[in-house]
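>
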RNA sequence: GGAGGGAUGGCCGAGCGGACGAAGGCAGCGGUCUUGAAAACCGUUGUGGUGCAAGCCACCGGGGGUUCGAAUCCCUCUCCCUCCGCCA
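In my numbering, the protein residues as written are 14 to 436.
1. Taking 8 Å as the cut-off, is the CB of residue 93 close to at least one heavy atom of the ligand SAH?
2. Residue range of the alpha helix (DSSP H) that residue 192 falls in?
3. Below 8 Å, can you find three or more Cβ-Cβ pairs linking the segment 158-166 to the segment 256-271?
4. Quick one: Cα of residue 71 to Cα of residue 96, how far?
5. Would you mind giving the Cβ-Cβ distance between residue 434 and residue 421, rounded to the nearest angstrom? I have them listed as a contact below 8 Å.
6. If you scan the segment 324-383 from start to end, which runs of the alpha helix (DSSP H) of 4 or more residues do you find wholly inside it?
7. Rounded C-beta distance between residue 50 and residue 91? I'm assuming under 8 Å.
8. For residue 5 versus residue 143, is the C-beta distance shorter than 9 Å?
9. For residue 206, which option in 299, 290 and 138 has the closest C-alpha, if you only look at C-alpha atoms?
10. Within 10 Å of its beta-carbon, does residue 415 have 16 or more other beta-carbons around it, so buried, or fewer, so exposed?
11. Can you give me the Cβ contacts of residue 202 inside the same chain, cut-off strictly under 6 Å, excluding the 5 residues immediately before and after it?
12. Just tell me which of 78, 117 and 22 has its CA closest to the CA of residue 372.
13. Name, in chain order, the residues that DSSP records as bridge partners for residue 264.
14. For residue 390, list the residues DSSP reports as bridge partners.
15. Measuring straight from C-alpha to C-alpha, what distance separates residue 329 and residue 211?
16. Under the three-state reduction of DSSP, which class applies to residue 178: helix, strand or coil?
17. Where residue 125 and residue 43 are concerned, what is the direct C-alpha to C-alpha distance, given to the nearest angstrom?
18. I'd like the span of the beta strand (DSSP E) that includes residue 256, first residue to last.
19. Restricting to Cα atoms, I'd like to know which of 227, 59 and 244 is closest to residue 275.
20. I believe residue 399 touches residue 321 by the beta-carbon criterion, under 8 Å. Please report the beta-carbon distance rounded to the nearest angstrom.
21. To the nearest angstrom, how far is the alpha carbon of residue 174 from that of residue 121?
22. Check for me: the beta strand (DSSP E) holding residue 240 runs from which residue to which?
23. Counting pairs of Cβ atoms below 8 Å between the segment 216-233 and the segment 182-201, do you hit three or more?
24. What is the rounded straight-line gap between the Cα of residue 425 and the Cα of residue 215?
25. Going by DSSP, which residues form a beta bridge with residue 295?
26. Check whether the Cβ atoms of residue 261 and residue 318 lie closer than 9 Å to each other.
27. Using a threshold of 9 Å, state whether the C-beta atoms of residue 23 and residue 333 are closer than that.
28. Does residue 153 come out as helix, strand or coil in the three-state DSSP assignment?
29. With a threshold of 7 Å on Cβ separation, who are the neighbours of residue 307 within its own chain once the five nearest residues in sequence on each side are excluded?
30. At the level of alpha carbons, what is the spacing between residue 187 and residue 168?
31. Inspect the beta-carbon positions of residue 401 and residue 296 and report whether they are closer than 9 Å.
32. Rounded to whole angstroms, what is the Cα-Cα separation between residue 61 and residue 104?
33. Which residues bound the beta strand (DSSP E) around residue 205?
34. Between the alpha carbons of residue 244 and residue 272, how many angstroms are there, rounded?
35. Could you give the residue range of the alpha helix (DSSP H) that holds residue 414?
36. For residue 137, name the three-state secondary structure that DSSP assigns.
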């Protein structure tokens, strides 16, 4: 959520930002009009309430029953008027809030301006794609041949875009999760969290997934609970409606969760393999920091994600999103992409964003800089560290050998009982 | 799932229709005293909205209602506790 005061003072700037984001349909003008209306009605309501309070106090003090009755009669009509106005105010406020919740975050001034993903900027590349002296296979062929990935049976159980890992495939996944969390906790300074993966609507509003992106989420109507699309949702909301005491920041959390995405919009895209599925696993990093620090914290968060790719010795590149490809909530965002030789493409395995105070406003997450000082909104950031199925794809495709076996990355071997080759 | 009891400021806890943004205690902060500290004493301490400002308004778990007036009465939701049932 944007700061309404900032919007009032800089309407042109906000409108211009919406054009850059390619979301000129965002209800900025509507929100501003509702805000003006809201304040107008609010002033009337407050004046009437002040008046009512004064009369009521007088009624309480009046001893003479006749005089008291006269006062009650005189103010009854004003009361009805007030009730009507209050109802109007409530309606305006709810419309106002709804409009505010549908306006995206403003891009950081440093974000390259661009129309869509074609204008994203590759800012870094690490590692050399391996040269193969045999025909490289895509991960689904490698996985099926080794009997560690069973897509057909996954589909039997749950439908398209579901899969089953088996034997060393399952073990590799478990190893990756444990190893990644250990690195982030022991070497990057994060505190581990194991949150619920079913959450309430308010939780999803806090991170910006609702109200706008309900169609991408799984929802249990009976209990009104939602399956999280990422650990970002429960972990960011950990401190919703709280004022963190002085000295609390920065807070770094890392969490593993399964992630659930309906991806209705993506039907028909990336249908082969496990690149785009409805349920996947992910290790996610979330930071809560002071506003002045979020810029540098973003770069460190990005490096923490890259570090995982480097340790796995997987070639990767870092791409900065242009304005047109920025997510709804991010002010600035980088993707880490692993090279997948089998499919011949770069796979997004991490999306590292600074949301500044956008989520903090929605979720009402504040901190007190020092005793006696007023609270301020924190800045939130997050990044995958990393998304499992695509790391799995990259490992299978990069580490494949002529005979169909797959070498286990050095760093994972202690987590796989010393196994060095899956065959 | 069934029966009952609760939710008040950072914490504990009073208030059950008007004098309550809310007694009292604790904690915190400032001060007096002290070589320093403790004790004692005095003072002070919530969040937000709105307005140029003085100020005004809102908030006693959330939302709605009754009333001239609600922390207090009614409805509803959420959460917590006790007992029974069920359960990995």
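Where is the CB? At the ideal position from N, CA and C, for every residue including glycine.
Reading it off the structure:
1. Only the bare structure without any ligand can be found here, which leaves the ligand SAH out of the picture.
2. 181-199
3. No contact exists between the segment 158-166 and the segment 256-271.
4. 21 Å
5. 6 Å
6. If we require 4 residues or more, the alpha helix (DSSP H) runs fully inside the segment 324-383 come out as 371-376.
7. The pair is not a contact, with the Cβ atoms about 22 Å apart (cut-off 8 Å).
8. Here the chain covers residues 14 to 436 and nothing more, so residue 5 does not appear.
9. 299
10. With fewer than 16 other Cβ atoms within 10 Å, it is exposed.
11. 265
12. 117
13. Answer by DSSP bridge pairing, in chain order: 301.
14. 379
15. Using only the alpha carbons, I get a separation of about 33 Å.
16. strand
17. 28 Å
18. 255-257
19. 227
20. 5 Å
21. 35 Å
22. 238-240
23. no
24. 38 Å
25. DSSP lists 270 and 400 as partners of residue 295.
26. Not in contact: residue 261 and residue 318 (Cβ atoms no closer than 9 Å).
27. In this structure, residue 23 keeps its C-beta atom at 9 Å or more from the C-beta atom of residue 333.
28. helix
29. 367, 369, 392 and 394
30. 22 Å
31. yes
32. 18 Å
33. 204-206
34. 7 Å
35. Run containing residue 414: none; DSSP gives neither H nor E here.
36. strand
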